[in-house]
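Have a look at the structure below before the remarks.
Number of protein chains: 2
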Amino acid sequence: MKKDSKQEIAYQFIRSRITEGIYVQGQRLVIDTLGKELNLSPIPIREAIRRLEAEGLVTIKAYSGAVVSFIDEKEYFEVLSTLAALEGYAVVTSISQVTIEQIGELHEINLQIKEALHQFNFNGYIKLNKEFHLCTIKYCTNKSLFNLIEQMWEKLDTIRRLKPMYFPTRAPEAISEHEKIISLLETKQPSFEIEQFIRKHHLAAIHEYNKNVTSS
Amino acid sequence: MKKDSKQEIAYQFIRSRITEGIYVQGQRLVIDTLGKELNLSPIPIREAIRRLEAEGLVTIKAYSGAVVSFIDEKEYFEVLSTLAALEGYAVVTSISQVTIEQIGELHEINLQIKEALHQFNFNGYIKLNKEFHLCTIKYCTNKSLFNLIEQMWEKLDTIRRLKPMYFPTRAPEAISEHEKIISLLETKQPSFEIEQFIRKHHLAAIHEYNKNVTSS
DNA sequence: ATATTTTAAATTATATATGATTTGATATAT
DNA sequence: ATATATCAAATCATATATAATTTAAAATAT
C-alpha cells in the first residue's frame, strides 16, 4: 500500500477540482492559498500545477501565476470532429476481434442509455454514452490509438464541465444509431460503411449545434 | 525580450537532450547532477522533469528518480497508423481551401525530397517529408486536429532518435506517391479517394516494415 | 560459498527563507 | 477629471537545508 507523495495528492486534488467544474475557467490558482488549504509547502503544489499545465488544464504565465485554462467553445466540436475520425478508424481496425460478448454488452449499455433518457438523467446519459463508445473499441490493439481516444473522451467531459454552453445530445436519434452501429458490427459490414456511419454519428452533433446556433 | 525562467531553461535543455538522442532511453536523469551542470538548484529541475513526464518523454518512479522513457518499437507504427487516419481526414476536411500556391509549394518540397534522396541525405529526407505532409494540411481550420497531427510528427521524430531500429522510408515510391497526392488535391478528387490514398501512403511503411521483419 | 541483515551512501521530496516580479493602490502632475 | 509615476502588497521563483526513501555495499549468519 504505497502512500501517495504530497505532489501526487496536490495533483489529484487540483485536477479533480477542475474536472468536476469546481474551479472555473479563468480562475486563479494561488499557490500559497492551495498550500495552506492542503497543508503543504509550495513546492509540491508547483509541481502538480506543472503537470496540469502540460495537460492543458492550466495556463501558467511566468511570474504571474496559474489560471484554469480558458476553453474556446469551438474546441469541443474540434475534438469531437477529430474523435469522429479516430473512432471510426479504431472500430474498423478491430472489427475482426468483435465478440458475441461485446455485442451483448453494447446492447446492455444502450438499454441503460435509453433508461437514463427516460429518467431525465443527463449525467447518467453522458457517462453511459461514453461507455458505449469505448466499448465499441474495446479490443483495439493499437494502444496509442486507444489511449488517444480515451483522452479525447476525457477532454470532452472536462470541456462540458468547464464551459457552460449548449451541448447537443440528439438522444433519441443517438440511441437508435447505436443500435445500427451494433448491427453493423455484428454482421461485419464493409469497413467503409462502418467507419462512415460512426463518423457521421458523431458529426451529427456538430450539425445539430450549428443548426441551433444559426437559428438563434 | 523576456528572459526565460530557470525552470524553462532546464526544460528546454533536458528536452532537447532527449529529442536529439543524447540522452538514451532508460538513462537516469539525476536531479543533483543536472542541477550542477546547469548551475541551478533542484527545484526548477524537478519542475522541468514533471513537464517532460507529462509529455511521456520521461518516466518518474516516486522516490527513485526519473529515467528517459522506454519506447516500445510498436509505438512508432501505432502512432504512424493513427497519423494515417488523421492526416487523410484533415486533408479532405480542408480540400476546399487548397490554393495554387500550396500546390506549388508541395511540388517544390517534393523536388527537394528527391534531391535529398539522391544526395543520401537521410536526415534531410526525413525533415522534408514531414514538411511535405504538414503542408498538405496547411489550411486545416480544426486547430485541435492540426495540433494533434503536429504532435504526432514530433513524436515520430523523437522515437526515431531514441530507438535504434529500422525505419522504412520507401523513398522512391514515397516521392511518386507524393506526386499523386498533389495531383489528387489539385484536381479536387472525391474525398474518399484522397483520404484512402493518403492513409495507404502512410500504412505502406508499416507493411514494408512487417515484410522485412518477417523475412529476417 | 551463499543468503540475510545491517549500515552507509546516494538521491529524492519537501519545508522554510529569501530574492524577484507583477499587480493594484495611492500620490502627483496635467 | 484623467494620466502618469511611485510605492506597497501579493505572489511567484528558487536557493538552501533537512527529512525521507531507495539502492548499494559491508557485515553477519548459515
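Protein chains in written order, with my numbering: chain X, -10 to 205; chain C, -10 to 205.
Think of the CB as a built atom: it goes at the ideal place given N, C-alpha and C, for glycine as much as any other residue.
Is it buried or exposed, residue i, if we count other Cβ atoms within 10 angstroms and call 16 or more buried?
i, result
"C/M(-10)", "For C/M(-10), the pLDDT reaches just 42, beneath the cut-off of 50, and the residue's location in the model is therefore unreliable, although a value from the coordinates is still provided. It counts as exposed."
"C/E182", "exposed"
"X/T88", "exposed"
"C/P179", "exposed"
"C/L100", "exposed"
"C/Q(-4)", "buried"
"X/R17", "exposed"
"X/I11", "exposed"
"C/S70", "buried"
"C/E162", "exposed"
"C/Y198", "buried"
"C/S53", "exposed"
"C/G93", "exposed"
"C/F121", "buried"
"X/Y65", "buried"
"X/L194", "Correcting the residue identity first, residue 194 of chain X is Ala in this sequence and not Leu. That one is buried."
"C/E184", "buried"
"X/V19", "exposed"
"X/E36", "buried"
"C/N136", "exposed"
With residue i and residue j assumed to form a contact (beta carbons below 8 Å), what rounded beta-carbon distance in angstroms separates them?
i, j, result
"C/I3", "C/A79", "Not really, about 31 Å apart at Cβ, beyond 8 Å."
"X/L106", "X/I170", "Actually they do not touch by this definition, with Cβ atoms about 17 Å apart."
"X/I38", "X/A55", "5 Å"
"C/L173", "C/A73", "Incorrect: roughly 16 Å between the Cβ atoms, too far for contact."
"C/H167", "C/I102", "7 Å"
"C/I138", "C/E76", "6 Å"
Going along chain X in order, which residues have a C-beta closer than 8 Å to the C-beta of residue i?
i, result
"C/K132", "K63, E64 and E67"
"C/I126", "Residues of chain X passing the Cβ test: none, with the nearest at roughly 12 Å."
Residues of chain C with CB under 7 Å from residue i, in chain order?
i, result
"X/R39", "E36, R39 and R40"
"X/L137", "T71"
"X/E44", "A43"
List, in chain order, every chain C residue whose beta-carbon is nearer than 9 Å to that of residue i.
i, result
"X/A51", "K(-9), D(-7), S(-6), Q(-4) and E(-3)"
List, in order along the chain, the chain X residues whose C-beta lies closer than 7 Å to that of residue i?
i, result
"C/I32", "I32"
When the Cα of residue i is compared with those of the options, which residue comes out closest?
i, options, result
"C/I60", "C/D21, C/K144, C/Q86 and C/K103", "C/K144"
"X/V202", "X/K63, X/K(-5) and X/T22", "X/K63"
"X/Q86", "X/L137, X/E139 and X/T176", "X/T176"
"X/V81", "X/R150, X/R6 and X/L134", "X/L134"
"C/K152", "C/T8, C/A(-1) and C/D(-7)", "C/T8"
"C/Y0", "C/M154, C/L41, C/N28 and C/G15", "C/L41"
"C/K129", "C/P157, C/Q91, C/A51 and C/V19", "For clarity, residue 129 of chain C is Cys in the given sequence; the question names Lys instead. Ranking the options by Cα distance to C/C129, first place goes to C/Q91."
"X/S83", "X/L123, X/I115, X/R150 and X/T158", "X/L123"
"X/S58", "X/A194, X/P157, X/T147 and X/S204", "X/T147"
"C/E97", "C/A160, C/E67, C/G24 and C/N118", "C/N118"
"C/L46", "C/D21, C/Q14, C/N28 and C/L29", "C/Q14"
"X/A160", "X/N131, X/R149, X/F111 and X/H196", "X/F111"
"C/F156", "C/G24, C/N28 and C/Y114", "C/Y114"
"C/N28", "C/A51, C/K(-8), C/I(-2) and C/N131", "C/I(-2)"
"C/K116", "C/G24, C/N131 and C/R149", "C/R149"
"X/Q140", "X/V68, X/M154, X/E26 and X/R188", "X/V68"
"C/R6", "C/S204, C/S(-6) and C/L23", "C/L23"
Pull out every residue of the segment 58 to 69 of chain C whose Cβ sits closer than 7 Å to any Cβ of chain X, in chain order.
-> E64, E67 and V68
Between the segment 75 to 98 of chain C and chain X, which residues of the former have CB atoms less than 7 Å from a CB of the latter, in chain order?
-> L75 and Y78
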